[in-house]
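Before any comments, here is the structure.
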Amino acid sequence: MSLYKPGRPTEVKPLDPANTRKVPSAKGEYRIINSNTREVVYVGVSKDLNRRMHDHIRSGKLSGDNSIFAYKQADGRASQARINDHERSKIEQHKPELNQRAGGAGRPYKR
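Going by our numbering, the sequence shown opens with residue 457, and the numbers climb by one from there.
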């Protein structure tokens, strides 16, 4: 069983209300991408992608015209443990700056 449908994540500009309404209130993986460099700056998972996107907008982590919120909705049968493992592999793959702690320890994975 695959966690996500094949293909690239769906990308939305977070400051466009028409786009933000398209983000589902569902479990999945998301990335914050710098639209100028196409660099992945943050990788995360959430039980509610829409709420999490708005959390990042309010916190300033996702702001301006140079940010893209890219997401993939998880298969409803996927366990949280498998989703967390997938998140770890994406953090290792992209090495996003906002997922790193001082000293390079990264984020703790106990949930």
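Built from N, CA and C at the ideal position, the CB exists for glycine as well. Bear in mind the structure is a predicted one, so any value in this text is a computation, not a measurement.
- For Ser-523, DSSP records a beta bridge to Asn-490.
- In terms of Cβ geometry, Tyr-498 and Lys-517 form a close pair [threshold 8 Å].
- In summary, Lys-478 is exposed, with fewer than 16 beta-carbon neighbours lying within 10 Å of its beta-carbon over all protein chains present.
- Non-local beta-carbon contacts of Ile-524 in its own chain, meaning distances under 6 Å to residues more than five positions away in sequence, involve Glu-467, Ile-489 and Ser-491 in chain order.
- Ser-515 sits in a helix when the DSSP states are folded into three classes.
- Judged by DSSP secondary structure, Ser-502 falls outside any alpha helix (DSSP H) and instead within the beta strand (DSSP E) spanning 496-502.
- In the DSSP assignment, Glu-467 falls within the beta strand (DSSP E) that extends over 466-468.
- Under DSSP, Gly-484 takes part in a beta bridge, and its partners are Ser-502 and Gln-529.
- Ala-534 and Arg-544 have their alpha carbons spaced roughly 15 Å apart.
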